[in-house]
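2 protein chains.
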Amino acid sequence: MALIIKPDLEHARPWREVFLETLPEQECREWDRPGDPEAIEYAFVWAPPSGALKTFPNLKCIFSIGAGVDHLLKDPDLPDGVPIVRMVEPELTQGMTEYVTMHVLRFHREGPALEAQQRDRVWNELIVPTAPSRRVGFLGFGVLAQDSARVLNALGFDLACWSRTAKTVDGVQSFRGADGLDPFLARTEILVCLLPLTPETDGILNAGLFAKLPRGAWLINAGRGGHQIEEDILDALESGQLSGATLDVFRSEPLPKESPFWAHPRVTVTPHIASVTQQKSAVEQVAANIRRIEAGEAPLNTVDRVLGY
Amino acid sequence: MALIIKPDLEHARPWREVFLETLPEQECREWDRPGDPEAIEYAFVWAPPSGALKTFPNLKCIFSIGAGVDHLLKDPDLPDGVPIVRMVEPELTQGMTEYVTMHVLRFHREGPALEAQQRDRVWNELIVPTAPSRRVGFLGFGVLAQDSARVLNALGFDLACWSRTAKTVDGVQSFRGADGLDPFLARTEILVCLLPLTPETDGILNAGLFAKLPRGAWLINAGRGGHQIEEDILDALESGQLSGATLDVFRSEPLPKESPFWAHPRVTVTPHIASVTQQKSAVEQVAANIRRIEAGEAPLNTVDRVLGY
Chain F
20 MALIIKPDLE
30 HARPWREVFL
40 ETLPEQECRE
50 WDRPGDPEAI
60 EYAFVWAPPS
70 GALKTFPNLK
80 CIFSIGAGVD
90 HLLKDPDLPD
100 GVPIVRMVEP
110 ELTQGMTEYV
120 TMHVLRFHRE
130 GPALEAQQRD
140 RVWNELIVPT
150 APSRRVGFLG
160 FGVLAQDSAR
170 VLNALGFDLA
180 CWSRTAKTVD
190 GVQSFRGADG
200 LDPFLARTEI
210 LVCLLPLTPE
220 TDGILNAGLF
230 AKLPRGAWLI
240 NAGRGGHQIE
250 EDILDALESG
260 QLSGATLDVF
270 RSEPLPKESP
280 FWAHPRVTVT
290 PHIASVTQQK
300 SAVEQVAANI
310 RRIEAGEAPL
320 NTVDRVLGY
Chain H
20 MALIIKPDLE
30 HARPWREVFL
40 ETLPEQECRE
50 WDRPGDPEAI
60 EYAFVWAPPS
70 GALKTFPNLK
80 CIFSIGAGVD
90 HLLKDPDLPD
100 GVPIVRMVEP
110 ELTQGMTEYV
120 TMHVLRFHRE
130 GPALEAQQRD
140 RVWNELIVPT
150 APSRRVGFLG
160 FGVLAQDSAR
170 VLNALGFDLA
180 CWSRTAKTVD
190 GVQSFRGADG
200 LDPFLARTEI
210 LVCLLPLTPE
220 TDGILNAGLF
230 AKLPRGAWLI
240 NAGRGGHQIE
250 EDILDALESG
260 QLSGATLDVF
270 RSEPLPKESP
280 FWAHPRVTVT
290 PHIASVTQQK
300 SAVEQVAANI
310 RRIEAGEAPL
320 NTVDRVLGY
């Protein structure tokens, strides 16, 4: 009985050793040396090739290394009936909260204008409003966004969220569904995208959506590159509809050298580091779920394949 | 019976109108038209010329427009026995908390390195630790620093403070007095200066202090320019003892065009805007204190002239 692992090679770190230490009862196999496929009961993977997971006939559970599972659900041959678990671990949440808080504050406090003043050696005492009069909106309001909202709430921001189902979180106005999107956008000065990537949310950050924000709004996308229509972001910056964009994710990663985002004066590019799964707590979560399954219980943090998250 | 006001001319805004509305029972006079000096009972001032306040023989209270009172105490002819009130108002505190949180996060998250990567079009997934393993230290721990600590605590940072008297705040290790300074510095990776400027703290941010920080520490000074020896900051950046500095205050303000800080790749210059007194809530605080005095009560938030804050 074995576990097979396929970490993202660009984040290659000794995952196997952490598994051996945390979950010694499972034989841990690396992706390129699977051995007997019938022995594989668990897979811990990032972006496996389409059809690969189908070759393990006794798979009991598929664990995503990241919070998103779009990299799994795009596989047309993903084995039916096998539960899929998304990554929920405290360090992943923590990293996102830090990233979102920092970049919301940077836009709120007119960071780009102050940076331009420094370049030009201009001492101009820009007066900015305080957080209670700044309207921040979360597009998507799962575990990561809710923790970011906890800190932004402590800072006093005027918060709202948009999600499929209504959310009840203190200090956060909830908008839901298709009807809720336009009023949510109309009141949002700083838009933070933390949606899952699904067929419904693919390309949601487009010209039509930007046009519904107040003029001069700011965009932070720490969801997926697939959410954004990149030419529409550039156009909205050009027209002034967006004042700035902070992007941690891109349609093509690593972001190609020739992308206009790199040198754009009002775009911050970060290399998909808003939030990184930490080995130790990630493996502990997987181990706890494997022990649940072995004890006949359902795993925690499973994904609804129809909803896509 | 009258109130005289001397706002900072660079922040000139219609203070007088706010006073007339909030405190209609007091005649509000502008600094350059004081009228009969014997009628002046209250002064609401920023950096009055030395000797000027002494010309009002019936002064009952002096209100500082900012949180610091160094601009008053440097007057050798400051009238004896007149209480001095420092500015404590929610918007001033809020602004500082936002500034400190943003700049602590920027250093913690390797903002300068990521910005350099973007300039060079480099996609390198820098892995940063999360806040619980980052040690932030407050030099000075009054109202402003304590509110910043509240938010940094919600973010999970490892916090300490150094102050004259020990402080008991959840989640913040307290160091005090001369003996406490070295151990405080030895454990502090991101140093935030929010001290009052007094003869004891003048020039405290110097080479000797920087040498006691861990190598590669970061400095944020949102206190006063008088705290910093500016050549020592440049030397510490040059040697690598400091990795970066975010400075909101300077020995000479506005920062002269020829200052090396402007173009320094590891210095962020902001034009003394970390925290700005907001008119409405400031005048409400002054009005409440004047009404206390008129009712025979002692004003709140008075300054100890010997301690200097």
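For the protein sequence lines, the chains are F and H, in the order given.
Sequential numbering from 20 applies to the first sequence in the working numbering.
Sequential numbering from 20 applies to the second sequence in the working numbering.
We put the beta carbon where it would ideally sit given N, CA and C, even for glycine.
Exercise for the section: Can you give me the Cβ contacts of GLN45/F inside the same chain, cut-off strictly under 6 Å, excluding the 5 residues immediately before and after it? Expected result: LEU22
Exercise for the section: Compare the Cα-Cα distances from ARG138/F to each of VAL288/H, GLY327/H and SER300/H and report the closest residue. Expected result: VAL288/H
Handout entry: Contact check, VAL322/F vs PHE82/F, beta carbons under 7 Å
Key = no
Practice task
Check whether the Cβ atoms of PRO26/H and PRO318/H sit closer than 7 Å, and answer yes or no.
Solution key: no
Handout entry: Contact between the region 99-117 of chain H and the region 277-284 of chain F (3+ Cβ pairs under 8 Å)
Key = no
Handout entry: Start-to-end residues for the beta strand (DSSP E) that takes in THR265/H
Key = 261-266
Practice task
Please work out which residues of its chain come closer than 7 Å, Cβ to Cβ, to VAL37/F, disregarding the five sequence neighbours upstream and downstream, and give them in chain order.
Solution key: GLN298, LYS299 and VAL302
Practice task
Quick one: residues in its chain with C-beta nearer than 8 Å to the C-beta of ALA132/F, no 5 flanking neighbours on either side, listed in chain order?
Solution key: LEU145
Problem - Where the region 97-122 of chain H meets chain F: residues whose CB sits under 8 Å from a CB there - result: GLU110, GLN113, GLY114, THR116, GLU117, TYR118, THR120 and MET121
Practice task
For THR242/H, collect the residues of the same chain with a Cβ closer than 6 Å to its Cβ; drop the 5 residues on either side in sequence, then sort them by chain order.
Solution key: Looking at the sequence itself, residue 242/H is Gly, so the reference to Thr does not match. Cβ within range, chain order: CYS212, LEU213 and LEU214.
Practice task
Return the Cβ separation of LYS276/H and ARG140/F in integer angstroms, given the expectation that the two are a contact with Cβ distance under 8 Å.
Solution key: 5 Å
Practice task
Whole angstroms is fine: what's the gap from ARG125/F's alpha carbon to GLN113/H's?
Solution key: 15 Å
Exercise for the section: Throw me the rounded Cβ distance for the PHE229/F and LEU266/F pair, which I believe falls under 8 Å. Expected result: Rounded, the Cβ-Cβ distance is 14 Å, inconsistent with contact.
Handout entry: Within chain F, the residues that LYS276/H reaches when beta carbons sit closer than 7 Å
Key = ARG140
Exercise for the section: With DSSP as the reference, label GLU134/H as helix, strand or coil. Expected result: helix
Practice task
State yes or no: is the C-beta of PHE337/F within less than 7 Å of the C-beta of ALA179/F?
Solution key: This structure leaves residue 337/F out entirely; chain F is present only between 20 and 328.
Problem - Near-chain H residues of the region 281-293 of chain F (beta-carbon distance less than 9 Å), N- to C-terminal order - result: TRP281, ALA282, VAL286, THR287, VAL288, THR289, PRO290, HIS291 and ILE292
Practice task
Check whether the Cβ atoms of GLY199/F and TRP237/F sit closer than 7 Å, and answer yes or no.
Solution key: no
Problem - Distance CB(ILE239/F)-CB(HIS122/F) smaller than 7 Å - result: yes
Problem - Buried or exposed by the 16-neighbour rule on C-beta atoms within 10 Å, applied to LEU326/H - result: exposed
Problem - Neighbourhood of PRO67/H by C-beta, 6 Å cutoff - its chain only, sequence neighbours within 5 removed - result: LYS25
Handout entry: GLY196/F versus ALA205/F - alpha carbon distance
Key = 15 Å
Exercise for the section: Put SER152/H into one of helix, strand or coil per three-state DSSP. Expected result: helix
Exercise for the section: Put THR321/F into one of helix, strand or coil per three-state DSSP. Expected result: strand
Practice task
Run the CB neighbour count on MET106/F, radius 10 Å, all protein chains shown included, and call it buried at 16 or more, exposed below.
Solution key: buried
Practice task
Report yes if the C-beta distance between TRP142/F and PRO56/H is below 7 Å; otherwise report no.
Solution key: no
Problem - According to DSSP, residues forming a beta bridge with ALA62/H - result: ILE23/H and ILE81/H
Handout entry: Identity of the residues DSSP links to ILE239/H by a beta bridge
Key = VAL211/H and THR265/H
Practice task
Measuring only between beta-carbons, confirm whether GLU144/F sits less than 7 Å from chain H.
Solution key: yes
Handout entry: First through last residue of the beta strand (DSSP E) which encompasses ASP177/F
Key = 177-182
Practice task
Quick one: which residues of the region 77-88 of chain H get their C-beta closer than 8 Å to a C-beta of chain F? List them in chain order.
Solution key: none
Problem - Limits of the unbroken alpha helix (DSSP H) element including SER167/H - result: 162-173
Handout entry: Residue from ALA226/H, LEU256/H, LEU232/H and ASP221/H with nearest C-alpha to GLY246/H
Key = Here residue 246/H turns out to be His, not Gly, going by the sequence shown. The shortest Cα separation from HIS246/H among ALA226/H, LEU256/H, LEU232/H and ASP221/H belongs to ASP221/H.
Handout entry: Residues bridged to ILE309/H (per DSSP)
Key = DSSP, once it has assigned bridges, lists no residue as partnering ILE309/H.
Problem - Close beta carbons around ASN172/F, own chain, < 8 Å, minus the five adjacent residues each side - result: LEU178, ASP189, GLY190 and VAL191
Exercise for the section: Consider the Cβ of VAL37/F: report whether some Cβ of chain H lies at a distance smaller than 7 Å. Expected result: no
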